[in-house]
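The structure appears right after this line, and notes come after that.
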Amino acid sequence: TNRLPRTEAAHDQEFTLPAGVRIHAVGIPIQGRGSLLLRAVRNLAFVIGAMIRMLWLKTDRFWASTNPPFTPLWVAPIAWLRRRPFDIIVHDVYPDGLVAVGYLREGSLVARVWRALNRLAYRHAATIVVLGRDMAHVLRERYGVPAERLVLFPNWSPFDQSSAPTLAESQLADRLDLADSFVVQYSGNMGLWHDIDTIVEAAALLADLPFVRFLMIGGGRRKAGAMKLAAERGIGSMMWLDFQPRASLSDSLACTSVALISQRNGLEGMAVPCKLYGILASGRAIVAAVPEDCEVAHVIREHECGVVVPPDDPQALADAIRFLASAQDDVRSMGSRAFAAYQDRYSLAAARGRYWQEWGRQRCGSSS
Numbered sequence: 287t288n289r290l291p292r293t294e295a296a297h298d299q300e301f302t303l304p305a306g307v308r309i310h311a312v313g314i315p316i317q318g319r320g321s322l323l324l325r326a327v328r329n330l331a332f333v334i335g336a337m338i339r340m341l342w343l344k345t346d347r348f349w350a351s352t353n354p355p356f357t358p359l360w361v362a363p364i365a366w367l368r369r370r371p372f373d374i375i376v377h378d379v380y381p382d383g384l385v386a387v388g389y390l391r392e393g394s395l396v397a398r399v400w401r402a403l404n405r406l407a408y409r410h411a412a413t414i415v416v417l418g419r420d421m422a423h424v425l426r427e428r429y430g431v432p433a434e435r436l437v438l439f440p441n442w443s444p445f446d447q448s449s450a451p452t453l454a455e456s457q458l459a460d461r462l463d464l465a466d467s468f469v470v471q472y473s474g475n476m477g478l479w480h481d482i483d484t485i486v487e488a489a490a491l492l493a494d495l496p497f498v499r500f501l502m503i504g505g506g507r508r509k510a511g512a513m514k515l516a517a518e519r520g521i522g523s524m525m526w527l528d529f530q531p532r533a534s535l536s537d538s539l540a541c542t543s544v545a546l547i548s549q550r551n552g553l554e555g556m557a558v559p560c561k562l563y564g565i566l567a568s569g570r571a572i573v574a575a576v577p578e579d580c581e582v583a584h585v586i587r588e589h590e591c592g593v594v595v596p597p598d599d600p601q602a603l604a605d606a607i608r609f610l611a612s613a614q615d616d617v618r619s620m621g622s623r624a625f626a627a628y629q630d631r632y633s634l635a636a637a638r639g640r641y642w643q644e645w646g647r648q649r650c651g652s653s654s
């Protein structure tokens, strides 16, 4: 059998590939993130190698993901030259997300050229897969993508769980002496698209509840500043950990009473935080400081598995946590509904079924 080895990209797991599936390794095997120059060389080598391979690859269809962001822009001309249909899976909407967080200036040459190339790629794609309804709205309104070419495929949790783990079962909770606390956990990236300072300010407002503990797991550009702010506020209820090994991710997600999701204003439709699906699989209530019309907010309201508060509002976030800390029955009910949503719609099996159904539809359409 063909096997995909344990690598960082493979989430430290080994997979058996289905019959007929092949992986073509191209580029230069530079390990780790490395310097900006090394990463640029690695990415350029990958693009050149992949384009050469795709010119001769025997296939009747191409798929391109926006991770890395520029992939659809060079897959589109290859598909056009080979006269093959191609599809795009949109994980993040660039450059719009970078503009929204101020990393790229609106109206700059880079933004205008990037968007023009996006429109060309979207125009020639047979199908465009999006992760959320807010993302579909952005592509319709900003890029003129017809609704009939958009397919909504929400992400999924990689965990195969038959039951939701309890806080008491978490080895991390035992190690950190959190088994008797009301644990509010943020797990994941603390980068440009997330408002970690609001979580810190909310923790300061909950200083009168010593049994409420904040467990902050992950890393990113905003972590150091948030830790400094917590120290300046004299907050003793916050614990900061680095990213946990993927093998123990399920256990770390179980080390919580309620889970936090943060997304800054203006980023609805730019991305869907993938941590949502792991939280659902862990059967935890969610407190989401996110834009009202984003996909995370839609999912929480549909399944009644948490509370949505506005971003950049520490008082609203603190009030939501205070309420849940005093309403354990509600927290358990929300967690049960979260796990039911995972089983019904956001498991790996459910995602696999959606992709196979769409793949079969495309195959039938291509042969008709």
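Okay, so the sequence shown: first residue is 287 according to my numbering, each after it adds one. Glycine included, each C-beta is placed from N, C-alpha and C at the ideal position. These figures come from a predicted structure and were not determined experimentally.
- When the five nearest sequence neighbours on each side are left out, the beta carbons in the same chain lying within less than 8 Å of the beta carbon of VAL396 are those of PRO381 and LEU390, in order along the chain.
- Residue burial is scored here from C-beta neighbours: ASP466 has fewer than 16 other C-beta atoms within 10 angstroms and is therefore classed as exposed.
- A distance below 7 Å between beta-carbons, with the five flanking residues on each side excluded, links GLU644 to the following residues of its chain, in chain order: VAL437.
- Only residues of its own chain outside the window of five on either side were considered, and among them ASP481, THR484, SER548, GLN549, ARG550, ASN551, ALA575, VAL576 and PRO577 have a CB closer than 8 Å to the CB of PRO597, listed in chain order.
- A Cβ-Cβ contact shorter than 7 Å links LEU546 with TYR472.
- Taken atom to atom, the span from the alpha-carbon of ASP460 to that of PRO451 is near 14 Å.
- About 19 Å separates the Cβ atoms of GLY335 and VAL307, ruling out a contact at the 8 Å cut-off.
- The beta-carbon distance between GLY418 and GLU590, rounded to whole angstroms, is 19 Å. This is too long to meet the 8 Å contact definition.
- The three-state secondary structure of LEU343, taken from DSSP, is coil.
- Counting other Cβ atoms within 10 Å of its Cβ, LYS344 stays below 16 and is therefore classed as exposed.
- DSSP places GLN471 within a strand segment (E or B) once states are collapsed to three.
- By the criterion of a C-beta distance shorter than 6 Å, SER543 is surrounded in its chain by PHE468 and VAL469, once the five residues flanking it on both sides are discounted.
- Where PHE609 is concerned, the enclosing alpha helix (DSSP H) starts and stops at 600 to 611.
- Contact between ALA402 and PHE372 does not hold, since the beta-carbon distance rounds to 19 Å and is not under 8 Å.
- If you draw a 10 Å sphere on the C-beta of GLU487, you find 16 or more other C-beta atoms in it, and that means buried.
- A straight line joining the alpha-carbon of PRO600 with that of VAL376 spans about 31 Å.
- PRO358 sits away from ALA326, with the two beta carbons spaced by 7 Å or more.
- Runs of the alpha helix (DSSP H) spanning 4 or more residues and lying entirely within the stretch 455 to 503 occur at 457 to 461 and 482 to 491, in chain order.
- Assignment of THR413 by DSSP, reduced to helix, strand and coil, places it in the strand class.
- Excluding the 5 residues flanking it on each side, ALA490 has same chain C-beta neighbours closer than 6 Å at ARG519 and ILE521, in chain order.
- Judged by their CB atoms, GLY592 and ALA571 are nearer to each other than the 7 Å cut-off.
- In the three-state reduction of the DSSP assignment, ILE521 falls in the coil class.
- Taking ASN441 as the centre and dropping the five residues before and after it, the same chain places the C-beta of LEU417, CYS560 and TYR563 closer than 6 Å to its C-beta, in chain order.
- Within the same chain, HIS310 and VAL312 come within 8 Å of ARG339 by CB-CB distance, once the 5 residues on both sides are set aside.
- A contact between stretches requires three or more CB pairs, one per stretch, nearer than 8 Å, and the stretch 532 to 542 fails this requirement with the stretch 363 to 370.
- ARG398 and GLY383 have their C-alpha atoms spaced approximately 14 Å apart.
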